[in-house]
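Everything on this sheet refers to the single structure shown next.
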Amino acid sequence: MDTRQALLVDAYAAEPTAGTPTGVVPEADGLTDDQMQAVASELGATETAFVLPAADADRRLRCFSPTEELVQAETATVAAHAALYERGGIDDGEWTVATAAGEVAVETKPNGMVWVEQGRADITEVDIPYADVADALGLDEATLKDVGADLPLVTADAGEPWLMVPVNYFEHLSDLSVDVAAVDSLCDRADAAGVYPFTFDTVGADATRRSTFHGRAFRAGSRTEEPVTAAASGACAAFVRRYGALDDTIEQIIAEGGHFRDRPGTVSVDTDGTEVWVGGRAVTALDGTVTVPAADDDDDIIEA
2 MDTRQALLVD
12 AYAAEPTAGT
22 PTGVVPEADG
32 LTDDQMQAVA
42 SELGATETAF
52 VLPAADADRR
62 LRCFSPTEEL
72 VQAETATVAA
82 HAALYERGGI
92 DDGEWTVATA
102 AGEVAVETKP
112 NGMVWVEQGR
122 ADITEVDIPY
132 ADVADALGLD
142 EATLKDVGAD
152 LPLVTADAGE
162 PWLMVPVNYF
172 EHLSDLSVDV
182 AAVDSLCDRA
192 DAAGVYPFTF
202 DTVGADATRR
212 STFHGRAFRA
222 GSRTEEPVTA
232 AASGACAAFV
242 RRYGALDDTI
252 EQIIAEGGHF
262 RDRPGTVSVD
272 TDGTEVWVGG
282 RAVTALDGTV
292 TVPAADDDDD
302 IIEA
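Heads up, the sequence shown is in the working numbering, so the first residue is 2 and it goes up one at a time.
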């Protein structure tokens with residue numbers, strides 16, 4: 002039977018069991034769509050990257066959730082390149098990567114950082130009462146109005162639209178009591194993939210600087226908070242940059258998250274308010290093999 006190396010890589014983290022667990026299959030050449038979907042389902046990660054050769058790019062990535070192929074998957078792209086770099090498959094440098102969203106630029110740095118071109122951010126103010134948003138998140142309306150004069154409710158889309166909800170203090174962000182049905186309703190009204198409450202009142206710092214904001218990601222249709230999401234972090238960074246909410250001395254934005262899932266991590270963002278690049282480190286937590294079903298076999302795969 003066909004077996005392939007399969008990794009679980011924790012993206013946006015410097016140590017295992019933090020950040021966002023992500024599947025990576027470093028050598029996926031020859032696998033069919035159904036086989037890749039089966040492997041992604043077995044690994045169970047939110048995103049799994051399959052590394053393939055490409056004729057007109059340095060490599061090709063196909064990325065799957067447990068149920069479908071993904072068009073945009075920055076987290077899987079970061080995890081895949083970090084894993085390749087960690088194993089000596091690639092050096093530091095600039096790469097062209099073919100994806101379902103088109104050709105994407107990726108850069109691997111000597112310090113282990115992986116940067117991915119996320120794209121252009123579209124930001125649209127939304128007309129949703131603060132009371133409705135506050136009720137969906139279990140907050141007092143005043144915690145939103147406190148910052149609403151400078152940062153309104155918007156959808157920010159750098160590849161995937163998220164409803165951005167500025168919250169005044171970390172203590173209020175930490176006390177959320179989320180109504181899943183109400184969050185789904187907000188997403189329908191805002192035409193958003195999820196709701197991203199955030200605050201500039203942060204808890205973490207890396208070796209040289211403090212995080213810029215702390216966010217929590219609640220995707221429509223899910224009962225589980227996402228640990229660290231590049232899609233929402235990059236879009237939020239473009240939003241606060243465009244609306245002048247950051248000091249001009251802040252060149253690189255650091256979005257922290259995952260603390261309430263016991264998987265803390267940080268996404269670095271480079272943006273002028275329109276163009277967005279996201280970056281992060283990643284570390285392999287599990288290195289094993291997976292047995293792939295035959296191409297015409299619908300049976301579940303079995304890990305070896």
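No residue lacks a Cβ here, since even glycine has one placed at the ideal position from N, Cα and C.
- Proximity to VAL117 across VAL25, GLU276, GLU257, TYR244 peaks at GLU276, based on C-alpha coordinates.
- The three-state reading of DSSP puts MET37 in helix, counting H, G and I together.
- Per the Cβ contact rule, the region 147-162 is not in contact with the region 212-229 (fewer than 3 Cβ pairs under 8 Å).
- Per DSSP, the unbroken alpha helix (DSSP H) holding ASP136 starts and ends at 131-138.
- Going by beta carbons, ALA157 and ALA135 fall outside the 8 Å limit.
- Put simply, the backbone Cα of THR49 is about 6 Å away from that of ALA41.
- Residue VAL279 holds the alpha-carbon nearest to the alpha-carbon of THR109 among THR33, ARG262, ALA238, VAL279.
- Taking C-beta atoms as the reference points, THR4 and ASP11 fail to come closer than 8 Å.
- Secondary structure at LEU152: coil, using DSSP grouped into helix, strand and coil.
- Between ALA246 and ASP147, the CB-CB gap reaches or exceeds 8 Å.
- Cβ atoms of GLY24 and LEU44 come within 8 Å of each other, at about 4 Å.
- As far as DSSP is concerned, ALA193 takes part in no beta bridge.
- Around PRO265, the same chain offers ALA19, GLY259 as residues with beta carbons nearer than 6 Å, after the five sequence neighbours per side are excluded.
- Rounded to the nearest whole angstrom, the C-alpha separation of ARG224 and LEU187 is 15 Å.
- Per DSSP, PHE201 is not a residue of any beta strand (DSSP E), being assigned neither H nor E.
- Note: CYS64 is bridge-paired with ALA50, LEU71 in the DSSP secondary-structure output.
- In this structure, DSSP gives VAL127 a state outside helix and strand, which the three-state scheme calls coil.
- In this structure, LEU140 and LEU177 form a Cβ contact; the two beta carbons are roughly 7 Å apart against a cut-off of 8 Å.
- LEU287 is classed as exposed because its beta carbon has fewer than 16 other beta carbons within 10 Å across all chains shown.
- ASP189 has its alpha-carbon roughly 15 Å from the corresponding atom of THR125.
- According to the DSSP secondary-structure assignment, PRO22 is paired through a beta bridge with ASP11.
- In this structure, ALA14 sits away from VAL196, with a CB-CB distance that is not shorter than 8 Å.
- Put simply, the backbone Cα of ALA39 is about 42 Å away from that of GLU252.
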